[in-house]
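The listed protein sequences correspond, in order, to chains A and B. Using our numbering, read the first sequence as starting at 157 and increasing by one per residue. Using our numbering, read the second sequence as starting at 13 and increasing by one per residue. What follows is one structure encoded as structure tokens, with my remarks underneath.
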Amino acid sequence: MNKKGIFMPFLVIFILFILGYSYYTIVIQDSEDKLFVIGVNQGEILKSYEEGEKYYLNLKQATKYSLDKSVNNFTKYSGVKEICNGKWIFYDENCNPSLENNFIILFKEELSNYGYKDNDISIENNFLIIKDNFVYKNEKKNFKLEYNSPFAVNEGLKLNVIKLNNLKNEIDNCVSSTKEKKDVNGCISGYYKHEQNGNVIKFTVPIEKEIKLYTDKLEKKKLDFVFYIDLDNTGLKTVF
Amino acid sequence: MKKGEEALTFVFSMIFIMVILFLFFSLFLIDSITKRDYAIKQIDNGNANINLINYLRTPIKKDYTIYDLIIDSYYNEEYNELEKETSNIFNKIYNKELCPLWNLKGKVNNNKFFEYESEFDIRKYTLTPNPRGNIFLLTTSNRIYPKSFSLELKFPDLDKNSTIVLTEGCIINE
Numbered sequence: 157m158n159k160k161g162i163f164m165p166f167l168v169i170f171i172l173f174i175l176g177y178s179y180y181t182i183v184i185q186d187s188e189d190k191l192f193v194i195g196v197n198q199g200e201i202l203k204s205y206e207e208g209e210k211y212y213l214n215l216k217q218a219t220k221y222s223l224d225k226s227v228n229n230f231t232k233y234s235g236v237k238e239i240c241n242g243k244w245i246f247y248d249e250n251c252n253p254s255l256e257n258n259f260i261i262l263f264k265e266e267l268s269n270y271g272y273k274d275n276d277i278s279i280e281n282n283f284l285i286i287k288d289n290f291v292y293k294n295e296k297k298n299f300k301l302e303y304n305s306p307f308a309v310n311e312g313l314k315l316n317v318i319k320l321n322n323l324k325n326e327i328d329n330c331v332s333s334t335k336e337k338k339d340v341n342g343c344i345s346g347y348y349k350h351e352q353n354g355n356v357i358k359f360t361v362p363i364e365k366e367i368k369l370y371t372d373k374l375e376k377k378k379l380d381f382v383f384y385i386d387l388d389n390t391g392l393k394t395v396f
Numbered sequence: 013m014k015k016g017e018e019a020l021t022f023v024f025s026m027i028f029i030m031v032i033l034f035l036f037f038s039l040f041l042i043d044s045i046t047k048r049d050y051a052i053k054q055i056d057n058g059n060a061n062i063n064l065i066n067y068l069r070t071p072i073k074k075d076y077t078i079y080d081l082i083i084d085s086y087y088n089e090e091y092n093e094l095e096k097e098t099s100n101i102f103n104k105i106y107n108k109e110l111c112p113l114w115n116l117k118g119k120v121n122n123n124k125f126f127e128y129e130s131e132f133d134i135r136k137y138t139l140t141p142n143p144r145g146n147i148f149l150l151t152t153s154n155r156i157y158p159k160s161f162s163l164e165l166k167f168p169d170l171d172k173n174s175t176i177v178l179t180e181g182c183i184i185n186e
């Protein structure tokens, strides 16, 4: 058979192969994708936004509950650990009135009960700030979505940490510079309510805003922040 | 191969090519007619709704939102303010002519603790087997297309699982 003779049968086989392969890839293999659903990918974009808003809304709400619970506990333990029995001892491992840090520790515990962990939490100008990043990922054939939404929750503290820190500094200055223990009472401004009984001074700072506690009923509470300074054990370097 | 045989092979090959092309053309044509189906499906937006989210974060007073009011209403067992605020908000959101139906339900541990709805009564118009019961459908060609959205609420009590469900019904012209 010469070249002309075998050309046509080969062409026929080649065309048969090409069409067969095309039919397999386009029609048979692709049959699962025949149903085109319009709007699913766009829907995913909308969904990612709404999921982010939901997350933010519930975190904000959990923050409110946790804040009130934390203020209650913070006040109960006078801003230091329970073992200190309300006494502030400066630079002590357990009873140091590092107010912001101690409050954040209590708050983190409460917030984690609602399922929010590893958040970046700080206190600035009497506002609690939680920084978080909502991430939504979805990957489908021909569509990959990654939605990142960094946000911050700002909630005002019902407890005035600035005022407490001012008092703390005043106590620090007063105790450090007073020669006689009995004089300490005299160098703390009358702005802060305090009473001395022997070597122990009791300070009472009213919390202006009421907190809400939910048990079986809603309970609204006005609290006083009370703490003690034992002049025999202040933790400060004194001249006496 | 003789010239006559070559010509015969050529003719048969051409006929065979024609048959193959016709066959595959028919197969592709049948496939495109019968199987290809474009569908516009309802967009699944995560079962939440921006109206529901906005409702929850609507401020009632300073640092106090509808979300807070729902929680406080539950613990105080006092729902008058919640009912008033809810009706006020949703009657403004949903145009009476276009979206006459809204229904809001709150559940705690699967027990309903409040339910408010528009004056349009959903029970008169849906799931009625007798078409005579559905006055709306008899008098107009419009249909109400109800959609439900739910959102999990955070309660102060960790042992309380709460959900809020919003059903909205807007009219579709057919």
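Cβ coordinates follow ideal geometry from the N, Cα and C atoms, glycine included.
What are the residues that DSSP puts in a beta bridge with residue i?
i: residue 174 of chain B; result: B/120, B/165
i: residue 362 of chain A; result: A/380
i: residue 308 of chain A; result: A/287
i: residue 279 of chain A; result: A/284
i: residue 184 of chain B; result: B/155
i: residue 77 of chain B; result: B/71
i: residue 126 of chain B; result: B/118
i: residue 301 of chain A; result: A/294
i: residue 353 of chain A; result: A/356
i: residue 20 of chain B; result: Residue 20 of chain B is not bridged to any residue.
i: residue 160 of chain B; result: B/179
i: residue 370 of chain A; result: A/374
With 8 Å set as the bound, which would you pick, yes or no: does the beta-carbon of residue i sit closer than that to a beta-carbon of chain B?
i: residue 428 of chain A; result: Coverage of chain A is limited to positions 157 through 396, which leaves residue 428 of chain A absent and any answer about it impossible.
i: residue 210 of chain A; result: yes
i: residue 171 of chain A; result: yes
i: residue 269 of chain A; result: yes
i: residue 168 of chain A; result: yes
i: residue 401 of chain A; result: Nothing can be reported for residue 401 of chain A: it is not among the residues displayed for chain A, which extend from 157 to 396.
i: residue 315 of chain A; result: no
i: residue 218 of chain A; result: yes
i: residue 250 of chain A; result: no
i: residue 379 of chain A; result: no
i: residue 165 of chain A; result: yes
i: residue 275 of chain A; result: no
i: residue 214 of chain A; result: yes
i: residue 175 of chain A; result: yes
In whole angstroms, what separates the C-alpha of residue i from that of residue j?
i: residue 209 of chain A; j: residue 307 of chain A; result: 10 Å
i: residue 129 of chain B; j: residue 259 of chain A; result: 43 Å
i: residue 374 of chain A; j: residue 164 of chain B; result: 21 Å
i: residue 144 of chain B; j: residue 183 of chain B; result: Confidence at residue 144 of chain B is low in this model, with a pLDDT of 44, below 50, so its placement is unreliable and the value that follows should be read with caution. Whole-angstrom Cα-Cα distance: 19 Å.
i: residue 388 of chain A; j: residue 83 of chain B; result: 48 Å
i: residue 238 of chain A; j: residue 61 of chain B; result: 45 Å
i: residue 96 of chain B; j: residue 81 of chain B; result: 11 Å
i: residue 37 of chain B; j: residue 179 of chain B; result: 50 Å
i: residue 383 of chain A; j: residue 197 of chain A; result: 58 Å
i: residue 106 of chain B; j: residue 112 of chain B; result: 7 Å
i: residue 255 of chain A; j: residue 156 of chain B; result: 58 Å
i: residue 181 of chain B; j: residue 271 of chain A; result: 34 Å
Is there a Cβ from chain A that is less than 8 Å from the Cβ of residue i?
i: residue 25 of chain B; result: yes
i: residue 69 of chain B; result: yes
i: residue 178 of chain B; result: no
i: residue 171 of chain B; result: no
i: residue 56 of chain B; result: Note on residue 56 of chain B: pLDDT 49, under 50, position unreliable in the model; the coordinate value appears next. Chain A, which has a Cβ nearer than 8 Å to the Cβ of residue 56 of chain B, makes this yes.
i: residue 36 of chain B; result: yes
i: residue 22 of chain B; result: yes
i: residue 101 of chain B; result: no
i: residue 105 of chain B; result: no
i: residue 45 of chain B; result: no
i: residue 166 of chain B; result: yes
i: residue 32 of chain B; result: yes
i: residue 39 of chain B; result: yes
i: residue 81 of chain B; result: no
i: residue 189 of chain B; result: Any property of residue 189 of chain B remains undetermined from this structure, which presents chain B solely from 13 to 186.
So, under 8 Å CB-CB, residue i and residue j are touching, yes? Tell me the CB distance rounded to an integer number of Å.
i: residue 114 of chain B; j: residue 125 of chain B; result: Contact doesn't hold; Cβ gap of about 18 Å is too wide.
i: residue 229 of chain A; j: residue 262 of chain A; result: 5 Å
i: residue 167 of chain A; j: residue 25 of chain B; result: 7 Å
i: residue 253 of chain A; j: residue 227 of chain A; result: Actually they are not in contact, since the Cβ atoms of residue 253 of chain A and residue 227 of chain A sit about 16 Å apart, beyond 8 Å.
i: residue 323 of chain A; j: residue 231 of chain A; result: 15 Å between Cβ atoms; not a contact.
i: residue 171 of chain A; j: residue 32 of chain B; result: 6 Å
i: residue 344 of chain A; j: residue 330 of chain A; result: 5 Å
i: residue 206 of chain A; j: residue 294 of chain A; result: Not really, about 13 Å apart at Cβ, beyond 8 Å.
i: residue 166 of chain B; j: residue 214 of chain A; result: 5 Å
Closer than 7 Å to a non-hydrogen atom of the ligand ATP - does that hold for the CB of residue i?
i: residue 210 of chain A; result: With respect to the ligand ATP, the structure offers nothing, as it holds no ligand at all.
Spell out a yes or no on whether the segment 295-307 of chain A and the segment 354-372 of chain A are touching, meaning 3 or more CB-CB pairs, one atom from each, closer than 8 Å.
no
Would you call the segment 262-279 of chain A in contact with the segment 216-233 of chain A, where contact means no fewer than 3 C-beta pairs closer than 8 Å?
yes
Specify whether the segment 280-289 of chain A and the segment 227-245 of chain A touch according to this definition: at least 3 beta carbon pairs, one from each stretch, less than 8 Å apart.
no
Report yes or no: do the segment 173-180 of chain B and the segment 118-127 of chain B share at least 3 C-beta pairs separated by less than 8 Å?
yes
Would the segment 196-210 of chain A and the segment 356-363 of chain A be scored as touching if the rule is three or more Cβ pairs under 8 Å?
no
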